[in-house]
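Everything below concerns the one structure shown next.
Numbering (the numbering used here), first residue to last: 139 to 354.
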């Protein structure tokens with residue numbers, strides 16, 4: 139009766155750093171009115187002005203999309219009576235802007251705020267195509283797994299054989315958001331001079347689990 143060969147299972151992991159080539163901004167335009175219709179009409183005009191300005195900054199139509207639209211009542215609380223009164227309505231329209239050039243992020247942010255965007259979040263740094271980085275991370279993780287297996291086999295006085303099984307345990311491709319900061323507050327307060335923004339490198343990580351045959 140044949141017996142199963144002795145095996146050894148190891149885990150290899152690796153990280154590859156890659157510079158992001160894409161930034162995503164979320165620009166929100168808020169307008170208030172006495173009634174929902176007024177708030178929405180004013181908002182439509184303000185959003186149009188922001189989009190027109192984005193196009194002047196060479197942002198393509200296909201890189202501008204609506205993320206969310208909402209209209210809700212604005213109420214004022216009176217602590218002396220414990221009651222609220224309706225003071226108007228607010229319309230919020232958030233648009234998502236994708237920029238393929240990290241060097242223009244500061245300029246586009248400033249232009250959007252100058253045109254009327256009053257809430258800014260981002261940028262979120264991304265890779266437009268992570269295939270090469272993921273492949274490199276997996277390759278390095280596999281090499282580390284083999285090196286580890288060879289060291290363990292050598293310590294036992296045996297030779298490393300063929301791969302019995304290999305599993306991609308985990309691959310992580312992060313996106314790095316820049317949350318509200320002094321920069322965002324300065325923009326929102328009207329300080330709209332162009333501010334240099336430098337993206338951090340993205341760390342793409344991969345983990346593999348490999349089982350090798352041991353030759354005795």
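For glycine and all other residues, C-beta sits at the position ideal for the given N, C-alpha and C.
CB-CB length for residue i against residue j, believed under 8 Å
{"i": "residue 145", "j": "residue 350", "result": "6 Å"}
{"i": "residue 158", "j": "residue 340", "result": "5 Å"}
{"i": "residue 150", "j": "residue 301", "result": "That belief does not hold up - the Cβ atoms of residue 150 and residue 301 are roughly 12 Å apart, past 8 Å."}
{"i": "residue 283", "j": "residue 148", "result": "5 Å"}
{"i": "residue 162", "j": "residue 260", "result": "6 Å"}
Close-in-space but distant-in-sequence residues of the same chain around residue i (CB under 8 Å, 5 per side omitted)
{"i": "residue 199", "result": "193"}
{"i": "residue 222", "result": "213, 214, 215, 216"}
{"i": "residue 309", "result": "272, 275, 276, 342, 343, 344, 345"}
{"i": "residue 299", "result": "143, 350, 351, 352, 353"}
Contact set for residue i: own chain, Cβ-Cβ below 6 Å, skip 5 residues either direction
{"i": "residue 318", "result": "Here residue 318 scores only 45 on pLDDT, less than 50, and its place in the model is too uncertain to base an answer on."}
{"i": "residue 155", "result": "339, 341"}
{"i": "residue 303", "result": "349"}
{"i": "residue 191", "result": "249, 253"}
Residues bridged to residue i (per DSSP)
{"i": "residue 150", "result": "346"}
{"i": "residue 155", "result": "341"}
{"i": "residue 163", "result": "235"}
{"i": "residue 301", "result": "350"}
Residues of its chain near residue i, where Cβ-Cβ distance is below 7 Å and the 5 sequence neighbours each way are ignored
{"i": "residue 292", "result": "none"}
{"i": "residue 234", "result": "162, 164, 203, 205"}
Specify whether the region 283-294 and the region 257-272 touch according to this definition: at least 3 beta carbon pairs, one from each stretch, less than 8 Å apart.
no
Ignoring anything shorter than 4 residues or poking outside the region 206-278, list the alpha helix (DSSP H) runs there in chain order.
243-253
Check whether the region 212-230 touches the region 165-175, taking contact to mean three or more Cβ pairs, one atom from each stretch, closer than 8 Å.
yes
Stretch pair the region 200-215 + the region 239-249: three plus CB contacts closer than 8 Å:
no
Does the contact criterion of 3 or more C-beta pairs under 8 Å hold for the region 246-261 versus the region 173-188?
yes
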